[in-house]
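Presented below is the structure to which this report refers.
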Amino acid sequence: MARILDGKQVVAALNEKLRAEVEQLKGNGTIPTLAIVRLGERPDDISYERGAMKRAETIGVEVRQFVLPAETEQQELLELIQRINADEDISGLLLFRPLPKHIDEEKVRNAINPAKDVDGITDLSLAGVFTGSGQGYPPCTAQACLEMLDYYGIELKGKRVVMIGRSLVVGKPLAMMLLGRHATLTICHTRTINMPAICREAEIVIAAAGKAKVVDGAFFSPGQIVIDVGINVDEAGNLCGDADFAAAEQIVEAITPVPGGIGTVTTSVLYKQVIEAAKKQ
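So this is what it looks like as structure tokens:
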């Protein structure tokens, strides 16, 4: 049976460190503050927002909520983002997406100052990830994968790693971050031929395909570490990952669960980056 890489343990350790950093900043007169910008009343946005508010309270970060109607005009949203950019008391900005269809999402997300782009969604932040310049911040889910590996002492240098997925949210930025840790990387995607055979040769498999249990038992071999980024709903209505957990657990050395794995860590990473932004500002 595989060892379970429990996200709750990672969160507990990370939150303890973040609370200490917040106390130090407040002692110096700086209050780390996140602005949350939400358009409309999407249930999944509201659910995430509630969880983020609870996590902020645990860590000691301030949160300001900016809730606009779904029919808000693009110019009004851009003006709000500019006010947040200019507000020295706000450390970071989290913009809920997708935005309503009448809004140019690319223009709006790139209006965010990279210094406050704690969710890593602007082109300049992604450029910072790809060049290693340190400009902006990486996407939180990608960084959460590294936090998980670091907490459990899983070395990346020289390891054969397969990244399944090439999205701008996880696959592409995380691939660059893995290369920055000197991993030997292969990226697989929907056009990859004989993907299971490629994955079986890896020491670490990171699944970010976005489809329930698509990474089945044929992808795994003994001794592997599996990081499952996916959050899906299976045919029975249960939350599950991109990896077939039941199949993998019988084969691999260690695996992250869904729920309770990477998704659990992501919100703490968001606040880690808010705190880093507050330090720089």
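Note that the working numbering has the sequence shown beginning at 362, numbered continuously upward. Where is the CB? At the ideal position from N, CA and C, for every residue including glycine. Keep in mind that this is a model prediction, so the values were computed, not measured.
C-alpha gap between residue i and residue j, whole angstroms
| i | j | result |
| --- | --- | --- |
| glycine 390 | arginine 411 | 27 Å |
| isoleucine 451 | alanine 472 | 16 Å |
| glutamine 435 | arginine 444 | 14 Å |
| glycine 621 | alanine 607 | 15 Å |
| serine 408 | lysine 572 | 22 Å |
| isoleucine 464 | valine 590 | 28 Å |
| aspartate 577 | leucine 439 | 44 Å |
| aspartate 511 | threonine 433 | 42 Å |
| arginine 425 | proline 459 | 20 Å |
| proline 499 | leucine 600 | 26 Å |
| isoleucine 314 | alanine 568 | Past the edges of the chain, shown from 362 to 642, lies residue 314, and the structure says nothing about it. |
| lysine 477 | alanine 570 | 28 Å |
Residue range of the beta strand (DSSP E) that includes residue i
| i | result |
| --- | --- |
| methionine 524 | 521-525 |
| isoleucine 445 | Where isoleucine 445 is concerned, there is no enclosing beta strand (DSSP E), although the alpha helix (DSSP H) it sits in stretches over 435-447. |
| valine 587 | 586-589 |
| alanine 568 | 565-568 |
| isoleucine 326 | Beyond the ends of the chain as shown, which are 362 and 642, falls residue 326; an answer cannot be given. |
| glutamate 423 | 423-429 |
| leucine 454 | 453-456 |
Buried or exposed by the 16-neighbour rule on C-beta atoms within 10 Å, applied to residue i
| i | result |
| --- | --- |
| lysine 468 | exposed |
| valine 594 | exposed |
| lysine 462 | exposed |
| glutamate 449 | exposed |
| isoleucine 554 | exposed |
| lysine 415 | exposed |
| alanine 604 | buried |
Range of the contiguous alpha helix (DSSP H) that encloses residue i
| i | result |
| --- | --- |
| glutamine 496 | Premise fails: glutamine 496 is in no alpha helix (DSSP H) and is neither H nor E. |
| arginine 416 | 404-420 |
| phenylalanine 643 | The chain is shown only over 362 to 642; residue 643 falls outside these bounds and no answer can be derived. |
| alanine 573 | No alpha helix (DSSP H) contains alanine 573, which DSSP labels as neither H nor E. |
| leucine 540 | 532-541 |
| leucine 631 | 623-641 |
Integer Cβ distance of residue i from residue j, believed to fall under 8 Å
| i | j | result |
| --- | --- | --- |
| phenylalanine 457 | valine 523 | The Cβ separation is near 31 Å, so there is no contact. |
| glutamate 564 | lysine 533 | So it is not a contact: roughly 21 Å between Cβ atoms. |
| isoleucine 623 | cysteine 506 | 6 Å |
Closer than 6 Å: residue i CB and nearest the ligand NAD heavy atom
| i | result |
| --- | --- |
| phenylalanine 427 | Of the ligands one can find in the structure shown there are none, so the ligand NAD has no counterpart to examine. |
>> Taking contact to mean 3 or more Cβ pairs, one atom from each stretch, closer than 8 Å, check whether the segment 366-379 and the segment 399-407 are in contact.
In response: no
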